[in-house]
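Engineer: Taking my numbering, the leading residue of the sequence shown gets 8, the next gets one more, and so forth.
All C-beta atoms in this analysis are idealised placements derived from N, C-alpha and C, irrespective of residue type, glycine included.
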Amino acid sequence: MWTAASICAADTHPAATKPVTRASASDAQIEAAIRAKLAKSKIAADKFTVHVQGGVATFEGRTDVLQHKGVATRMAKSAGAVAVKNNIVASDAAKAKARGNLEEGRRRVQIKRGDARTEARSAAVK
Numbered sequence: 008m009w010t011a012a013s014i015c016a017a018d019t020h021p022a023a024t025k026p027v028t029r030a031s032a033s034d035a036q037i038e039a040a041i042r043a044k045l046a047k048s049k050i051a052a053d054k055f056t057v058h059v060q061g062g063v064a065t066f067e068g069r070t071d072v073l074q075h076k077g078v079a080t081r082m083a084k085s086a087g088a089v090a091v092k093n094n095i096v097a098s099d100a101a102k103a104k105a106r107g108n109l110e111e112g113r114r115r116v117q118i119k120r121g122d123a124r125t126e127a128r129s130a131a132v133k
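(1) Quick test of your reading: Ala-101 and Leu-73, contact by CB under 8 Å. State the CB separation rounded to the nearest angstrom.
(2) For Ala-107 and Lys-44, I'd like the C-alpha separation in whole angstroms.
(3) Could you check where the alpha helix (DSSP H) with Lys-54 kicks off and where it finishes?
(4) Here's the rule: buried if 16 or more other CB atoms are within 10 angstroms of the residue's CB, otherwise exposed. What is Glu-38?
(5) Leaving out five residues on either side along the sequence, give the residues of the same chain with a beta carbon under 8 Å from the beta carbon of Lys-54.
(6) Under a three-way DSSP split, which group does Gly-68 fall into?
(7) To which residues of the same chain is Thr-56 closer than 8 Å at the C-beta, ignoring the five residues directly before and after it?
(8) Could you tell me which residues DSSP pairs with Ala-90 in its beta bridges?
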């Protein structure tokens, strides 16, 4: 049976006043998880360096594929990083390829559904 004194004692117990928080991974654990994910992925060939401090992952390196920069950021967040500083530099060739893909995508959108593809492409190129 509960008494008023036992209820008050339960309220002031250190475990009762401690907020319940989710256990967070240490920097070393987060860094190990990121390195494991990098090793399994296609972007391992870019040989990015990663360091975690205070839960913030920092990437360094260069890539010839613009999308690898975003993949690295998502990988770090999924591994438990609270934030990501992405200092990966995309090469000029990667930027040019992305620009070309963007222009090609814009041309595809301009093609009308009823038009033959070859006619629409030659009109879009002009």
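Structural biologist: This is what the structure holds:
(1) Within the sequence shown, residue 101 is the residue found at index 94, counting from 1. Within the sequence shown, residue 73 is the residue found at index 66, counting from 1. The Cβ separation is near 5 Å, so the contact holds.
(2) One-based indexing of the sequence shown puts residue 107 at position 100. One-based indexing of the sequence shown puts residue 44 at position 37. According to the sequence shown, residue 107 is Gly rather than Ala. Looking at the two C-alpha atoms, the distance is approximately 30 Å.
(3) Working through the sequence shown from its first residue, we reach residue 54 at position 47. Run containing Lys-54: none; DSSP gives neither H nor E here.
(4) To locate residue 38, count along the sequence shown from 1; it is residue 31. It is buried - the Cβ of Glu-38 has at least 16 other Cβ atoms within 10 Å.
(5) Taking the sequence shown and counting its residues from 1, the one referred to as residue 54 is at position 47. Cβ neighbours of Lys-54 beyond the five flanking positions: Gly-68.
(6) As a working note, residue 68 is residue 61 in the sequence shown. Three-state DSSP puts Gly-68 in a strand.
(7) What you label residue 56 is simply residue 49 of the sequence shown in a count that begins at 1. Counting only Cβ-Cβ distances below 8 Å, and skipping sequence neighbours, we find Phe-66, Glu-67, Gly-68.
(8) The residue you call residue 90 lines up with position 83 of the sequence shown. DSSP output for Ala-90 lists Val-63 as bridge partner(s).
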